[in-house]
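Working notes, structure below.
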Amino acid sequence: MRSAVIVFPGSNCDRDAQVALNAAFGRPPTMIWHGEATLPPHDLIVLPGGFSYGDYLRSGAMAAQSPVLRALRDEVERGVLVLGICNGFQVLTEAGILPGVLMRNAALKFVCRDVELIVETSASPFTRGYEAGQVLTIPVAHHDGNYFADAATLDRLEGEGRIAFRYASDDNPNGSARNIAGILNDRGNVLGMMPHPERAVDPLHCGTDGRAMFAGLMEALAA
Amino acid sequence: MKAKVHVTLKAGVLDPQGKAIGHALESLGFEGVGEVRQGKFIELELQETDPDRARAQIEQMCQRLLANTVIENYRIDLEG
């Protein structure tokens, strides 16, 4: 299991991801700087949370133009698994790798707390460690997590089983359309999500519901 | 050649920041303020001197970076 974490100027969850991946896979991930134009072979690439390029212009907009993103597109085409968490999700939408956009939270406040997250599908390498309908407790920490896409796109995502996670309907922290917290690309090898599974893998995190994601990924890649 | 680009939210896209600005104006005592929408204004200097080519170039910039066309419209004004 060869994993990597992309590091942008302003990333701040790259170390959290590093620790979680190391614990889950028993092997530290490669940390890859945003200026790299080529990516060595990996099974899983994580785009971590943070404020890449200071959120200039729009969250994720600058990172989406960085050299490493061009290389990442080739890896996505090749079927390599890519997980974008929080700012990583914003980068994937800005790059057009995932549809829609993460807008400013509806209540305009930075939200940092645990949320109830419903697993919508277990039919992906990222969610196979969970049961559909399972309710998880995972933290969110973001200012721009309000998922928006036009109705046709939302219908398509739902119809194709590409909603990976939703916020519990009474626990939507940011105003996201249809309570969407995480989505898959059409091929199912890219997941973008606002909540932080890598911050829920150790008893000291006050919860370990994120562990099954990494355990599931391990299984998927071993299969 | 100078260009001014206005990036605004599309109609129908909620603008909580615009709403908050509207409320703040109200609380300052400004009456009769209707809907408030917030956008971005970007000034560019280009070497290009042909207006058509300049516009085409900025159009590309808007599509690829300056605006997120999922939620935003843009308007290009050229000067000089």
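Chains V and S, in that order, are what the protein sequence lines are.
Residue numbers for the first sequence follow the working numbering, beginning at 22 and rising by one.
Residue numbers for the second sequence follow the working numbering, beginning at 241 and rising by one.
We put the beta carbon where it would ideally sit given N, CA and C, even for glycine.
Quantities reported herein were computed from a predicted structural model and do not represent experimental measurements.
key: Per-residue DSSP class, three states only, for S:Thr248   = Here residue 248 of chain S corresponds to residue number 8 of the second sequence, with the count starting at 1. Residue state, collapsed to three classes: strand.
query = the ligand GDP heavy atoms versus the CB of V:Met22: any closer than 7 Å?
reply = With respect to the ligand GDP, the structure offers nothing, as it holds no ligand at all.
Fill in: V:Gly237 - DSSP class collapsed to helix/strand/coil
Residue mapping note: residue 237 of chain V aligns to position 216 of the first sequence, counting from 1. Here V:Gly237 sits in helix by DSSP.
Q | Those runs of the alpha helix (DSSP H) which lie wholly inside the segment 106-164 of chain V and span at least 4 residues | A | Taking only runs of at least 4 residues, the alpha helix (DSSP H) segments lying wholly in the segment 106-164 of chain V are 108-115.
Relative to the alpha-carbon of S:Glu304, which residue among V:Leu212, V:His163, V:Val156, V:Gly117 has its alpha-carbon at the smallest distance?
Counting from one through the second sequence, the residue named residue 304 of chain S turns up at place 64. According to the sequence as given, residue 304 of chain S is Arg; it is not Glu. It is V:Gly117.
Taking only the alpha-carbon atoms, compute the straight-line gap between V:Glu137 and V:Pro194 and give it to the nearest angstrom. Along the first sequence, one-based indexing puts residue 137 of chain V at 116. Along the first sequence, one-based indexing puts residue 194 of chain V at 173. For V:Glu137 and V:Pro194, the distance between alpha carbons rounds to 10 Å.
### Completely contained beta strand (DSSP E) runs for the segment 186-218 of chain V, where each covers 3 or more residues
201-205, 211-214, all fully within the segment 186-218 of chain V.
Any C-beta of chain S within less than 9 Å: which residues of the segment 104-135 of chain V qualify? Within the segment 104-135 of chain V, the residues whose Cβ lies closer than 9 Å to some Cβ of chain S are Thr114, Glu115, Pro120, Gly121, Val122, Met124, Arg125, Asn126, Ala127, Ala128, Leu129, listed in chain order.
- Query: Thinking C-alpha only, which one of S:Glu271, S:Gly279, S:Val253 is nearest S:Tyr314?
  - Reply: As a first step, residue 314 of chain S is located in the second sequence; it is residue number 74 there, counting from the start. Of the listed residues, the one whose Cα sits closest to S:Tyr314 is S:Gly279.
* Asked: Given that V:Arg79 touches chain S, what residues does it touch there, using C-beta distances under 8 Å?
  -> In the first sequence, counting from the first residue as 1, residue 79 of chain V sits at position 58. From the beta-carbon of V:Arg79, the residues of chain S found nearer than 8 Å are Asn308.
* Tell me, to the nearest whole angstrom, how far the beta carbon of V:Ile106 is from that of V:Met214; I am working on the premise that it is less than 8 Å. => Your numbering for residue 106 of chain V matches position 85 in the first sequence. Your numbering for residue 214 of chain V matches position 193 in the first sequence. So it is a contact: roughly 6 Å between Cβ atoms.
Chain V residues whose Cβ lies nearer than 7 Å to that of S:Gln257: In the second sequence, the residue the question calls residue 257 of chain S occupies position 17. For S:Gln257, the C-beta contacts it makes with chain V under 7 Å involve Arg125, Leu129, in order along the chain.
- So what does DSSP say about V:Val40, is it helix, strand or coil? Along the first sequence, read from residue 1 onward, the residue named residue 40 of chain V stands at position 19. Reduced to three states, the DSSP call for V:Val40 is helix.
* Asked: At a CB-CB cut-off below 8 Å, which residues of chain V make contact with S:Ile261?
  -> Here residue 261 of chain S corresponds to residue number 21 of the second sequence, with the count starting at 1. Chain V residues near S:Ile261: none, gap ~11 Å exceeds 8 Å.
- Backbone CA spacing between V:Gly56 and V:Glu152 [nearest angstrom]: For the purposes of this step, residue 56 of chain V is taken as residue 35 along the first sequence, with counting starting at 1. For the purposes of this step, residue 152 of chain V is taken as residue 131 along the first sequence, with counting starting at 1. Approximately 38 Å, taken between the alpha carbons.
Output the distance between the C-alpha atoms of V:Glu115 and S:Gly272, rounded to the nearest integer angstrom.
-> Counting from one through the first sequence, the residue named residue 115 of chain V turns up at place 94. Counting from one through the second sequence, the residue named residue 272 of chain S turns up at place 32. Across the structure, V:Glu115 and S:Gly272 are spaced so that their CA atoms are roughly 37 Å apart.
| Residues, ordered as in the chain, of the segment 155-172 of chain V that lie near chain S by beta-carbon distance below 9 Å | Against chain S - using a Cβ distance shorter than 9 Å - the residues of the segment 155-172 of chain V are Asn167, Phe169, Ala170, Asp171.
Legend entry - For V:Glu181, three-class secondary structure by DSSP: Here residue 181 of chain V refers to the residue found at position 160 when the first sequence is read from its first residue. Coil.
Quiz item: For V:Ala202, does the count of other Cβ atoms within 10 angstroms reach 16, so buried, or fall short, so exposed?
Solution: If you number the first sequence from 1, residue 202 of chain V lands on position 181. Around the beta carbon of V:Ala202, a 10 Å sphere encloses 16 or more other beta carbons of the protein chains shown; the residue is thus reported as buried.
*asked:* Does the CB of S:Ile311 have a neighbour CB from chain V at under 8 Å?
replied: If you number the second sequence from 1, residue 311 of chain S lands on position 71. Cβ-Cβ to chain V under 8 Å: yes for S:Ile311.
Check your understanding: Three-state secondary structure (DSSP) at S:Met301?
Key -> To locate residue 301 of chain S, count along the second sequence from 1; it is residue 61. Residue state for S:Met301 is assigned as helix, using DSSP reduced to three classes.
Since S:Val253 meets chain V, which of its residues come closer than 9 Å, beta carbon to beta carbon? Here residue 253 of chain S is taken as the residue at index 13 of the second sequence, counted from 1. Here the neighbours are Met124, Phe169.
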